[in-house]
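Chemist:
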Amino acid sequence: DKYLNEQRRFSYTTPKSFLEFIKLYKGMLGLNVEALQDKQTRLTNGLEKLRETQEQVAGLEEELKEKAVVVKEKAEAADAFAEQVGKEKAIVAEKAENATVEEQKCNDIAKTVSAQKASCEQDLAA
1 DKYLNEQRRF SYTTPKSFLE FIKLYKGMLG LNVEALQDKQ TRLTNGLEKL
51 RETQEQVAGL EEELKEKAVV VKEKAEAADA FAEQVGKEKA IVAEKAENAT
101 VEEQKCNDIA KTVSAQKASC EQDLAA
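If you're matching positions, the sequence shown starts at 1 in our numbering and goes up one per residue.
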């Protein structure tokens, strides 16, 4: 009806043209089915890869949690060690200060002894 109204001609369907339409339809249907199957395959592969990646991420998260605990323990141990080293460093600094004071005293005594030695040697020489 639409063709008749627009073109003012009748459209006849012959057995040959009908068979050509069926052949064309089958060809287009085959192409569409192949395209849909390709899309389905790609989608299935993509979903499979997403599942595998999700499993890997879950495994890595578990591993990360385990390592985070180990890291936390080692950080605490390092902090304790640093605190101990700080205390020992303070003790060493105090002992070094005491040693410096003792060295100064020894130097004073050595000077006094040297002066007395010189004095004794002069007395003995005279």
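Heads up, the beta-carbon is just placed ideally off N, CA and C, and yes, glycines get one too.
Since we're looking at a predicted model, the values are computed, not measured.
1. Rounded to whole angstroms, what's the CA-CA distance from ALA75 to LEU64? Just pull it up for me.
2. What span of residues does the alpha helix (DSSP H) with THR53 cover, start to end?
3. Start and end of the alpha helix (DSSP H) containing TYR3?
4. What separation, rounded to the nearest whole angstrom, lies between the Cα atoms of GLU73 and GLU66?
5. What's the C-alpha gap between THR14 and GLY30?
6. Once the 5 residues before and after TYR12 are set aside, which same chain residues still bring their CB inside 8 angstroms of it?
Modeler: Straight from the coordinates:
1. The sequence position of residue 75 within the sequence shown is 75, counting from 1. The sequence position of residue 64 within the sequence shown is 64, counting from 1. About 16 angstroms.
2. Within the sequence shown, numbered from 1, the residue matching residue 53 stands at position 53. Unbroken alpha helix (DSSP H) run through THR53: 15 to 125.
3. Here residue 3 refers to the residue found at position 3 when the sequence shown is read from its first residue. From DSSP, the alpha helix (DSSP H) with TYR3 extends over 2 to 7.
4. Position 73 of the sequence shown, counted from the start, is the residue given in the question as residue 73. Position 66 of the sequence shown, counted from the start, is the residue given in the question as residue 66. Whole-angstrom Cα-Cα distance: 11 angstroms.
5. As a position in the sequence shown, residue 14 is number 14, starting the count at 1. As a position in the sequence shown, residue 30 is number 30, starting the count at 1. The alpha-carbon atoms of THR14 and GLY30 are separated by roughly 24 angstroms.
6. In the sequence shown, counting from the first residue as 1, residue 12 sits at position 12. If we look at TYR12 and ignore the five residues flanking it on each side, it has no Cβ neighbours.
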